[in-house]
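Remarks on the structure that follows.
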Amino acid sequence: YGDHLYVESPGGSVPLVALSRFPDPDAALAYGSLLAPMPGSVLRVAAAVGDTVTAGQPLVWLEAMKMEHTITAPADGV
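Dropping the structure here:
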């Protein structure tokens, strides 16, 4: 069907959407979004819903590629 892909299953035809394995780093994110720079496991979260944070404050620690990575707040916020 042209650029559209479908998988036939007992439940019917299911459309597939091709997604980039690596998202465009320049793509706009919703205000307040936090996107990890790589896949990994969350080790620790340092802020709770409603907490006030400042730019540069560590928020999340990830374990990825056998290393620990700190994700910091990009701006002040609540």
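Residue 7 is where the sequence shown starts when you use the numbering used here, and the numbers rise one by one after that. Quick reminder that beta carbons are idealized off the backbone N, C-alpha and C, glycines included.
Asked                                                                                                    : Found
Where the beta strand (DSSP E) containing histidine 75 begins and where it ends                          : 73 to 78
Extent of the continuous beta strand (DSSP E) run through glycine 18                                     : 18 to 22
Beta-carbon proximity list for threonine 58, same chain, < 7 Å, skipping 5 on both sides                 : Val84
Residue range of the beta strand (DSSP E) that includes valine 51                                        : 47 to 51
Proximal residues to methionine 44 (C-beta, below 8 Å), its chain only, five neighbours per side dropped : Leu68, Ala70, Met71, His75
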